[in-house]
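What follows is a set of notes on a single structure, which appears directly below.
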Amino acid sequence: MRIRRPDDVQAGEITPPALYLRRRELLLGAACATAGALLPDVADAEAPPPRPLPDVRPGPFGTDEAPTPYRDATLYNNFYEFGTDKKDPMRHAGSLRTRPWTLSIEGEVAKPGRIGIEDLLRRHPLEERIYRLRCVEAWSMVIPWIGIPLGDVLAHFEPTSNAKYVAFATLYDPEQMPGQRRGVLDWPYVEGLRIDEAVHPLAILAVGMYGRELPNQNGAPLRLVVPWKYGFKSIKSIVTIRLTRTQPPTSWNVSAPREYGFYSNVNPKVDHPRWSQKRERRIGEFLKRDTLPFNGYAEQVAPLYAGMDLTKNY
Ligand code: MTE
Numbered sequence: 167m168r169i170r171r172p173d174d175v176q177a178g179e180i181t182p183p184a185l186y187l188r189r190r191e192l193l194l195g196a197a198c199a200t201a202g203a204l205l206p207d208v209a210d211a212e213a214p215p216p217r218p219l220p221d222v223r224p225g226p227f228g229t230d231e232a233p234t235p236y237r238d239a240t241l242y243n244n245f246y247e248f249g250t251d252k253k254d255p256m257r258h259a260g261s262l263r264t265r266p267w268t269l270s271i272e273g274e275v276a277k278p279g280r281i282g283i284e285d286l287l288r289r290h291p292l293e294e295r296i297y298r299l300r301c302v303e304a305w306s307m308v309i310p311w312i313g314i315p316l317g318d319v320l321a322h323f324e325p326t327s328n329a330k331y332v333a334f335a336t337l338y339d340p341e342q343m344p345g346q347r348r349g350v351l352d353w354p355y356v357e358g359l360r361i362d363e364a365v366h367p368l369a370i371l372a373v374g375m376y377g378r379e380l381p382n383q384n385g386a387p388l389r390l391v392v393p394w395k396y397g398f399k400s401i402k403s404i405v406t407i408r409l410t411r412t413q414p415p416t417s418w419n420v421s422a423p424r425e426y427g428f429y430s431n432v433n434p435k436v437d438h439p440r441w442s443q444k445r446e447r448r449i450g451e452f453l454k455r456d457t458l459p460f461n462g463y464a465e466q467v468a469p470l471y472a473g474m475d476l477t478k479n480y
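Just add 166 to the spot in the sequence shown (first one is 1) and you have the numbering used here.
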């Protein structure tokens, strides 16, 4: 992955957390529908802010760390379908059409099927989950996601006892995603989880962030968020979820197997060949901080890996 150093982010791109926090109170209160006009940090952003999502309840596993300013979370992205520069997704993801959008659930399920994004939103209550996101390039953010536990979505399609893994695929459409005309990765972008990871209550399908629908550059209308793993596991703009008997391929593992394993749990003890994983820079901060095992979620997820050698299963 190409890297633009976080300290290259212009000071003017950074919104003080206090602004976001004030806005969040508005969004989570009754003022959802009218909050847009009052939000200078959102209004400043290059694309018009997405629609507010009403009826979001606070979810578990929250952190009291200050969320990353909205502008940084939407101007500094990895979404290679729109280019490899951190600002390319913000510049080019406007060509992605996120409605109508259908998610297909296939493979080892008793009731395979397709569901439109609007029906998905009607079927499942939405929760806000404020999670740390740690990228393998050694930067991190704190994002107030809005989403649905992935396990709840899968349960509806009734996984069979043969379902050992879950494979995800992003939309493939070079007309909407011009980066797919270049061979930087095999397209479509694919990712995978073991089934027990997928149904862990921390794993969500995110449909929004900062009180609103997802901006295109962040993976609209539907992306995975698995906060104890490096950011690249959180696959964006998902169209297919397939439950499988065997471990599915993942884009970065196929592209550079020595650098990116299947598990990709955040682990300060296992360095990436090009980036130390011991410390990280929180976007918007100057000093680096220590990276925590499983990105600080060890209490919740370490038991999933009991008995495994995590230096081999990186
Ligand atoms: N999903 C797709 N389809 N394509 C991508 O290039 N990049 C990944 C991940 N999901 C990527 C993707 C990487 S490397 C990271 S760090 C996160 O998305 C970044 O998410 P963010 O831009 O919302 O911070």
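Beta carbons are placed, not taken as given, at the ideal position from N, Cα and C, and that holds for glycine.
(1) Report the three-state DSSP secondary structure of P255 (helix, strand or coil).
(2) Within 6 Å: the Cβ of S421 and any heavy atom of the ligand MTE?
(3) Between which residues of its own chain and L299 is the CB-CB distance below 6 Å, once the five residues before and five after are set aside?
(4) Hey, out of A335, V350, L388, whose CA is closest to I283's CA?
(5) Indicate whether M343 and E274 have their beta-carbon atoms separated by less than 7 Å.
(6) Thinking A369 and L380 are a contact (beta carbons under 8 Å), I'd like their distance in whole angstroms, please.
(7) Relative to the alpha-carbon of P235, which residue among V467, G249, A468, G450 has its alpha-carbon at the smallest distance?
(8) Would you mind working out which of L470, R360, G374, L351 sits nearest A329, comparing C-alpha positions?
(9) Could you tell me which whole beta strand (DSSP E) segments of length 3 or greater appear in the stretch 252-328?
(10) Among the candidates T229, T264, A213, whose CA atom is the shortest distance from the CA of T240?
(11) Taking the straight line between their C-alpha atoms, what separation do you get for E425 and L286?
(12) Please state whether the Cβ-Cβ distance between I271 and F334 is less than 7 Å.
(13) By a C-beta neighbour count over all protein chains shown, 10 Å radius and 16 as the cutoff for buried, is N461 buried or exposed?
(14) Would a C-beta distance cut-off of 7 Å place W394 and V319 closer than the cut-off?
(15) Using a Cβ-based criterion (distance less than 6 Å to any ligand heavy atom), does A328 qualify as near the ligand MTE?
(16) Along the chain, which unbroken stretches of the beta strand (DSSP E) at least 3 residues long are found entirely within the stretch 379-431?
(17) By Cβ distance, which residues of its chain are closer than 6 Å to I296, with the 5 residues on each side in sequence left out?
(18) Using only the heavy atoms of the ligand MTE, determine whether one of them is closer than 6 Å to the beta carbon of F227.
With the given structure in hand:
(1) As a position in the sequence shown, residue 255 is number 89, starting the count at 1. Helix.
(2) Taking the first residue of the sequence shown as 1, we reach residue 421 at position 255. The answer is no for S421.
(3) For this step, residue 299 is matched to residue 133 along the sequence shown. M307, I309, G397, listed in sequence order.
(4) As a working note, residue 283 is residue 117 in the sequence shown. Answer by Cα proximity: L388.
(5) In the sequence shown, counting from the first residue as 1, residue 343 sits at position 177. In the sequence shown, counting from the first residue as 1, residue 274 sits at position 108. Taking 7 Å as the cut-off, the Cβ atoms of M343 and E274 do not count as close.
(6) For this step, residue 369 is matched to residue 203 along the sequence shown. For this step, residue 380 is matched to residue 214 along the sequence shown. With a contact defined as Cβ atoms closer than 8 Å, A369 and L380 miss out at about 17 Å.
(7) Along the sequence shown, one-based indexing puts residue 235 at 69. When only C-alpha atoms are compared, the closest one is G450.
(8) For the purposes of this step, residue 329 is taken as residue 163 along the sequence shown, with counting starting at 1. Checking every option, the nearest Cα to that of A329 belongs to R360.
(9) 268-273, 279-282, 292-300, 305-315, all fully within the stretch 252-328.
(10) As a first step, residue 240 must be located in the sequence shown, where it is residue number 74. When only C-alpha atoms are compared, the closest one is A213.
(11) Here residue 425 refers to the residue found at position 259 of the sequence shown. Here residue 286 refers to the residue found at position 120 of the sequence shown. Straight-line Cα distance between these residues: approximately 35 Å.
(12) Residue mapping note: residue 271 aligns to position 105 of the sequence shown, counting from 1. Residue mapping note: residue 334 aligns to position 168 of the sequence shown, counting from 1. No, they are not a contact pair.
(13) One-based indexing of the sequence shown puts residue 461 at position 295. N461 is buried by the Cβ-count criterion.
(14) In the sequence shown, residue 394 corresponds to position 228, counting from 1. In the sequence shown, residue 319 corresponds to position 153, counting from 1. With contacts defined by Cβ atoms closer than 7 Å, W394 and V319 do not form a contacting pair.
(15) Indexing the sequence shown from 1 puts residue 328 at position 162. The sequence as given places Asn at residue 328; Ala does not occur at that position. No - the ligand MTE has no heavy atom lying nearer than 6 Å to the Cβ of N328.
(16) Within the stretch 379-431, the beta strand (DSSP E) runs of at least 3 residues that lie entirely inside it are, in chain order, 389-391, 404-410.
(17) As a first step, residue 296 is located in the sequence shown; it is residue number 130 there, counting from the start. G228, T229, P310.
(18) Within the sequence shown, residue 227 is the residue found at index 61, counting from 1. In this structure, F227 has its beta carbon at no less than 6 Å from each heavy atom of the ligand MTE.
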